[in-house]
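One structure is given here, and the rest of the page talks about it.
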DNA sequence: TGAAATGTTGGGGCG
DNA sequence: ACGCCCCAACATTTC
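In this note's numbering, the protein residues as written are 317 to 792.
Shown next, in the form of structure tokens:
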């Protein structure tokens, strides 16, 4: 019996899935496969929060497939061995999958494609995650872009067709005698129950992604004003859904364009959000063209930068949200509780780590990698290199955020801080971001104790130290 | 999508 | 009435 295998990885959806569509177009019965092979990601194997999401997203995909008469076949890696074994069990003639952009995945997929094609099988990779493939965007000199604005100006001209592919009207599945691991046996869920906040915040899976998109469309025109306010639900919160491919950027853009019909000014108002989709595109292209940047500075001038040697207690305080700077601690606790942090606050905590503490950005990248449900090697790498001043189109190193001013500007009522740092619930908004400056009698009256009466570092001194360190490596 | 230091301007208090 | 000074407000420069 001939069949076509759809090898799902991080394209866990039925809509706008070119690989799935290509498999259906063969007219052959389908086998939907997931191969669990976390070691194949090398050093950047998914962390605990990502695993939590993956478990639920795989379950959601399996549920969707079962509703259509099929199911998800789950096997353990190595991927090539699992695929070739399944080919033997099914007499498959074709394997379809969606392109990934991490260096380890590219290398693995290349070997698998070569092997399958050498053995006479159809082995096709399709684009599921980007508007434009990275090898189709370059400067006039033929180089990859390192600056966002010209990159995006070029890339948008290539976004011609944003009509997403519909989910297959009907799917015919291969006979259901194939063995499958249960998703539970992959042991993706935490052994101790720290995931209540994740459950309360997220609904992994394609239906959850579509529901989130639907909610966001109504607010998208306000994104430009609201996106910097962590105390307001002003962002799309689609990042983990995008990471796992439960929804595609094309679907999002198409939905925005549909909502804009009959309202000519609407697309202009959502442009700030579309631009963020552009940044997502940009960082994926960067990772493709500069794969070493997961661990090494893109700007090699920083290779001699005098980063401080991390102090375990201070690094731990940053991770756990006990630095004494309310906006920083609120962000780190939001991350721990929900697996996500508002982007404005990500910039603040990253500036704090790489500049006030002067720790190498890799320490932040590793912590985010383990704790974010949207941990994405392209976005995480570029985001941390941007914050640390070592990346493409990066914030210059001397651009140091002041957590007091940032807190006052973007959490003016202290509502975000109070939500995640309950110790400060009794502090008036006017002083909540700098409570250590109050006189002791006021501190006592407002219940200010511990690090909030005495933060772990001096902002002015650490800023001066960072600038001195920056001066020591000289200009270009 | 920076903050702080430095420079400039102009209104108003005051002798 | 006038010059002087202070300082808030804004602009520019620097890191």
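The beta-carbon is built from N, C-alpha and C at its ideal position, and this holds for glycine as well. Just so it is clear, the structure is predicted and the values come from calculations on it, not from any experiment.
Minimum C-alpha distance to residue i - residue among the options
i, options, result
"residue 595", "653, 410, 702", "702"
"residue 707", "567, 764, 726, 599", "599"
"residue 634", "773, 584, 335", "773"
"residue 484", "331, 780, 687", "331"
"residue 493", "606, 386, 619", "386"
"residue 368", "550, 464, 382, 502", "502"
"residue 549", "517, 609, 593, 362", "517"
"residue 607", "690, 695, 620, 759", "695"
"residue 551", "528, 469, 566", "528"
"residue 777", "672, 431, 379", "672"
"residue 317", "363, 626, 409", "409"
"residue 724", "371, 362, 750, 712", "750"
"residue 464", "432, 593, 545", "593"
"residue 853", "459, 760, 324", "The structure shown does not extend to residue 853, since the chain is modelled only from 317 through 792, so no value can be given for it."
"residue 653", "361, 515, 508", "515"
"residue 356", "452, 453, 394, 627", "394"
Limits of the alpha helix (DSSP H) - the one that residue i falls within
i, result
"residue 559", "555-559"
"residue 352", "Where residue 352 is concerned, there is no enclosing alpha helix (DSSP H), although the beta strand (DSSP E) it sits in stretches over 346-352."
"residue 427", "419-434"
"residue 643", "642-654"
"residue 762", "756-762"
"residue 509", "From DSSP, residue 509 is part of no alpha helix (DSSP H); its letter is neither H nor E."
"residue 594", "587-605"
"residue 734", "731-736"
"residue 541", "539-542"
"residue 338", "334-341"
"residue 710", "Note, residue 710: premise wrong, no alpha helix (DSSP H); not H, not E."
"residue 696", "693-704"
"residue 679", "677-687"
C-beta contact flag for residue i and residue j at 7 Å
i, j, result
"residue 444", "residue 327", "yes"
"residue 752", "residue 674", "no"
"residue 322", "residue 348", "yes"
"residue 373", "residue 560", "yes"
"residue 562", "residue 536", "no"
"residue 768", "residue 640", "yes"
"residue 521", "residue 376", "yes"
"residue 698", "residue 783", "no"
"residue 677", "residue 637", "no"
"residue 726", "residue 660", "yes"
"residue 487", "residue 664", "no"
"residue 655", "residue 365", "yes"
"residue 685", "residue 363", "yes"
"residue 611", "residue 619", "no"
"residue 460", "residue 605", "yes"
"residue 396", "residue 428", "yes"
"residue 370", "residue 504", "yes"
"residue 259", "residue 572", "Missing from the structure shown is residue 259; the chain here goes from 317 to 792 and no further."
"residue 644", "residue 719", "yes"
Nearest-angstrom beta carbon gap, residue j and residue i [assumed within contact, 8 Å]
i, j, result
"residue 390", "residue 497", "4 Å"
"residue 754", "residue 764", "7 Å"
"residue 688", "residue 418", "The pair is not a contact, with the Cβ atoms about 15 Å apart (cut-off 8 Å)."
"residue 658", "residue 669", "About 16 Å separates the two Cβ atoms, so there is no contact after all."
Own chain, CB closer than 8 Å to residue i, minus 5 neighbours either side, in chain order
i, result
"residue 570", "478, 479, 480"
"residue 475", "447, 448, 569"
"residue 334", "414, 442, 443, 444, 481"
"residue 554", "525, 528, 529, 532, 563, 568"
Same chain only: Cβ atoms within 6 Å of residue i, ignoring 5 sequence neighbours per side
i, result
"residue 736", "646, 649, 650"
"residue 540", "588"
"residue 621", "789"
"residue 511", "368"
"residue 360", "693"
Cβ neighbours of residue i in the same chain (closer than 7 Å, five flanking residues each side left out)
i, result
"residue 358", "420"
"residue 398", "351, 391, 392"
"residue 748", "642, 730, 733, 740"
"residue 274", "Residue 274 cannot be examined here, being either before or after the span of the chain that is shown, 317 to 792."
"residue 544", "660, 726"
The beta strand (DSSP E) enclosing residue i, as first and last residue numbers
i, result
"residue 409", "408-414"
"residue 467", "Element bounds for residue 467: not the beta strand (DSSP E) but the alpha helix (DSSP H), 464-472."
"residue 669", "Unbroken run through residue 669: none, as it is neither H nor E."
"residue 779", "Run containing residue 779: none in the beta strand (DSSP E); it sits in the alpha helix (DSSP H), 775-788."
"residue 392", "388-392"
"residue 323", "319-324"
"residue 442", "438-442"
Heavy atom of the ligand ATP within 6 Å of residue i beta-carbon
i, result
"residue 456", "In the structure shown, the ligand ATP is absent, as is every other ligand, since no ligand is present at all."
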